[in-house]
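Since the structure comes first, as structure tokens, the remarks are kept for the end.
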Amino acid sequence: MSGEKNEEEATIALRNKLLVKYFRPLFFIWVVSHAWKIIKYFFFTPTPYPDLDVLSSINKNSYLPVGLIEGTSCDFEAIRNLNEKLSPELHNLVQTPFFRYYKLNLYKQCPFWPDNYLCNREDCNVEVMDEVDVPEALKNKLSAIDFSPAGLSFQPFKKCEFTNKDFCVLEDEASQDGIFVDLIKNPERFTGFAGPPARKIWQAVYEENCFSPIKLISDANDHVVPMTNAFMDSVKEEDKTCLEERVFYRLISGLHTSVSVHICDEYFDQATGQWGTNLECFHERVGRYPERIENMYFNYAIILRALNKMSTYLQRYDYCSGDPKEDHNVKVILDTILALSKSLPSTFNEKVLFSDPTAALLKEEFKDHFRNVTRIMDCVGCEKCRLWGKIQTSGLGTALKVLFSYDEHKFGPRASPSLLQRSELVALLNTFNRFSESIAALQRLKK
Numbered sequence: 001m002s003g004e005k006n007e008e009e010a011t012i013a014l015r016n017k018l019l020v021k022y023f024r025p026l027f028f029i030w031v032v033s034h035a036w037k038i039i040k041y042f043f044f045t046p047t048p049y050p051d052l053d054v055l056s057s058i059n060k061n062s063y064l065p066v067g068l069i070e071g072t073s074c075d076f077e078a079i080r081n082l083n084e085k086l087s088p089e090l091h092n093l094v095q096t097p098f099f100r101y102y103k104l105n106l107y108k109q110c111p112f113w114p115d116n117y118l119c120n121r122e123d124c125n126v127e128v129m130d131e132v133d134v135p136e137a138l139k140n141k142l143s144a145i146d147f148s149p150a151g152l153s154f155q156p157f158k159k160c161e162f163t164n165k166d167f168c169v170l171e172d173e174a175s176q177d178g179i180f181v182d183l184i185k186n187p188e189r190f191t192g193f194a195g196p197p198a199r200k201i202w203q204a205v206y207e208e209n210c211f212s213p214i215k216l217i218s219d220a221n222d223h224v225v226p227m228t229n230a231f232m233d234s235v236k237e238e239d240k241t242c243l244e245e246r247v248f249y250r251l252i253s254g255l256h257t258s259v260s261v262h263i264c265d266e267y268f269d270q271a272t273g274q275w276g277t278n279l280e281c282f283h284e285r286v287g288r289y290p291e292r293i294e295n296m297y298f299n300y301a302i303i304l305r306a307l308n309k310m311s312t313y314l315q316r317y318d319y320c321s322g323d324p325k326e327d328h329n330v331k332v333i334l335d336t337i338l339a340l341s342k343s344l345p346s347t348f349n350e351k352v353l354f355s356d357p358t359a360a361l362l363k364e365e366f367k368d369h370f371r372n373v374t375r376i377m378d379c380v381g382c383e384k385c386r387l388w389g390k391i392q393t394s395g396l397g398t399a400l401k402v403l404f405s406y407d408e409h410k411f412g413p414r415a416s417p418s419l420l421q422r423s424e425l426v427a428l429l430n431t432f433n434r435f436s437e438s439i440a441a442l443q444r445l446k447k
């Protein structure tokens, strides 16, 4: 019995000796590695949202430029002061049924290259409205639109995507391929769509700023203007670039800047799972480039001028969503917006563009390239980015149409209600709201 006990004790002692010999180093390594992870997390991992101390070296004064906005007749301070009053009104306007429900064909085929990328992140997806949730007045109004010359419902030919007055490819409001989207439920913000697919889109958009040789899109010849790589050469030297070409570039740059502001202002922190403002993103994409901010203000001035030009038309338009209370509310808000807008009646003089002997051809070429920009939006692999890209390029296209396709008297008391489609008005005011919120966001950052 004593021998068995001694043998058992010897076995236990040997096992403990082996455990100490082989597992103590492993345990030590495990402790050290986890301690290093903790140290690295707290002291060496960059925070996605740096605080103000980390970014204290950033000159945030660049977020609030001063002086005259180049190419306009107003200054930055006047725009900011006006926007402080306009912003809440625009916010309220786009909450109304008439301006929040938008019909579009979100799934057109990309006309420029094989569309082989699709963002499968949840934040990229668009929430489509059920047909039963769309106000009947909006559905009935769209179904009653008559595009045929003889006033017949039968249309043997495909409806043209634009007229010679349009600066963008229009959404066909009577199309069976269209879907209704609630814009409030699909906000423009960070989706994670980035990298080569996103760069490819913006490169294609900027390359549309090449204005020769002239190749036209017409109702009879519905082809796409081939994209070129001449954009960078065309803007290297400003004195070699015509005014219209510079305006085109500034419109695109300003839109790009506004989109970047929204991405950074509503940024998703994948580490914490929370939405918030990413100051470093702001600085890297926007704050370091004063000209980008100026171009964003330039877009604001362009749209503001368009609203002032068509103010009578907007006041007399029938905003019918089927809810009399909401429709009256739209009228009240719009009257306030237009009254405020008139405090800066002369932000941009559209008559200085397309005024030389080549004006007619140049204007057609300008339209062609801006239409191409709206077509490029069908190539965006992120649904939500595509949605807001189509809305905002259409909104800018509508502003250009108002400024350059019609004289002021066309928007007078006797103007035809069908001068603009409902989708154009919705796109225009939502786009203005986007720029308004971008300017307000930069003001918040300065404080």
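Numbering-wise (my numbering), the sequence shown opens with residue 1 and increments by one.
All C-beta atoms, glycine included, are put in the ideal place defined by N, C-alpha and C.
Predicted model only: the values in this text are computed from it and were never measured.
Beta-carbon spacing of residue 106, residue 383 below 8 Å: It is a contact, given that the beta carbons lie within the stated cut-off.
Identity of the residue in 196, 187, 247 nearest residue 210 by Cα: Closest option to residue 210, Cα to Cα, is 247.
Residue 268 versus residue 275 - alpha carbon distance: In a straight line, the C-alpha of residue 268 is about 5 Å away from that of residue 275.
Residue from 202, 166, 127, 198 whose Cα sits closest to the Cα of residue 186: Checking every option, the nearest Cα to that of residue 186 belongs to 127.
Beta-carbon proximity of residue 79 to residue 303, cut-off 8 Å: Contact flag unset, no.
Collapsed DSSP secondary structure at residue 165 in the structure displayed: DSSP places residue 165 outside both helix and strand once states are collapsed to three, so it counts as coil.
Helix, strand or coil at residue 190 according to DSSP, with G and I counted as helix: Of the three classes helix, strand and coil, the one that applies to residue 190 here is coil, per DSSP.
Span of the beta strand (DSSP E) around residue 181: Where residue 181 is concerned, the enclosing beta strand (DSSP E) stretches over 179-182.
As assigned by DSSP and simplified to three states, the class of residue 64: The answer is coil: DSSP assigns residue 64 none of H, G, I, E or B.
For residue 128, the three-state DSSP class (helix, strand or coil): In the structure shown, residue 128 sits in a strand (DSSP, three-state: E or B).
CA-to-CA distance, residue 242 to residue 207, given in whole angstroms: Their Cα atoms are separated by approximately 16 Å.
Backbone CA spacing between residue 179 and residue 139 [nearest angstrom]: A direct Cα-to-Cα measurement between residue 179 and residue 139 gives close to 11 Å.
Residue range of the beta strand (DSSP E) that includes residue 274: 274-276 is the extent of the beta strand (DSSP E) around residue 274.
Endpoints, alpha helix (DSSP H) assigned at residue 268: Counting along the chain, residue 268 falls outside any alpha helix (DSSP H), though it belongs to the beta strand (DSSP E) covering 267-269.
Delimiting residues of the alpha helix (DSSP H) encompassing residue 325: Looking at the DSSP string, the run of the alpha helix (DSSP H) that includes residue 325 is 324-341.
Cβ-Cβ distance between residue 102 and residue 405 below 8 Å: No; because the gap between Cβ atoms is not below 8 Å, this pair is not in contact.
Distance CB(residue 244)-CB(residue 314) smaller than 8 Å: No, these two residues do not count as a Cβ contact at 8 Å.
Residue 429 beta carbon less than 8 Å from that of residue 309: Taking 8 Å as the Cβ cut-off, residue 309 and residue 429 do not qualify as a contacting pair.
Residue 109, buried or exposed, once every other Cβ within 10 Å from all chains shown has been counted against 16: Exposed, because fewer than 16 other Cβ atoms sit within 10 Å of the Cβ of residue 109.
The region 271-285 touching the region 380-400, judged by at least three CB pairs closer than 8 Å: The region 271-285 is not in contact with the region 380-400.
Rounded separation between residue 164 and residue 203 - CA only: Their Cα atoms are separated by approximately 27 Å.
Beta-carbon proximity check, residue 396 vs residue 358, cutoff 8 Å: No, the pair does not count as a contact, with Cβ atoms beyond the cut-off.
Presumed contact (8 Å Cβ cut-off) between residue 436 and residue 86, rounded CB distance: About 6 Å; that satisfies the 8 Å criterion.
DSSP beta-bridge partners of residue 104: Beta-bridge partners assigned by DSSP to residue 104: 179.
Close Cβ partners of residue 459 (< 8 Å) along its chain, the five nearest in sequence each way excluded: Only positions 1 to 447 of the chain appear in the structure, and residue 459 is not among them; the question remains open.
Inter-residue Cα distance where the pair is residue 130 and residue 111: Each residue's alpha carbon lies about 28 Å from the other.
Span separating the alpha-carbon of residue 96 from that of residue 321: Spanning the two alpha carbons is a distance of roughly 9 Å.
Pairwise C-alpha distance: residue 167 and residue 361: So the alpha carbons of these two residues sit roughly 14 Å apart.
Simplified DSSP assignment, three categories, for residue 75: Residue 75 carries a strand assignment under DSSP once its states are collapsed to helix, strand and coil.
Which listed residue (407, 409, 370) has its alpha carbon closest to that of residue 390: For residue 390, the closest C-alpha among the options 407, 409, 370 is that of 370.
Nearest candidate by alpha-carbon position, reference residue 190, set 351, 172, 281, 134: Answer by Cα proximity: 281.
Cutoff 6 Å; reference residue 232; Cβ partners in own chain excluding five residues on either side: At residue 232, the pLDDT of 35 sits below 50, so the modelled position is not reliable; the number obtained from the coordinates is stated separately. Same-chain partners within the cutoff: there are none.
Collapsed DSSP secondary structure at residue 319 in the structure displayed: DSSP places residue 319 outside both helix and strand once states are collapsed to three, so it counts as coil.
Rounded C-alpha distance that separates residue 326 from residue 336: Approximately 15 Å, taken between the alpha carbons.
Burial state of residue 113, where buried means 16 or more other Cβ atoms lie within 10 Å: Residue 113 is exposed by the Cβ-count criterion.
Unbroken alpha helix (DSSP H) run spanning residue 109, endpoints: Counting along the chain, residue 109 falls outside any alpha helix (DSSP H), and DSSP gives it neither H nor E.
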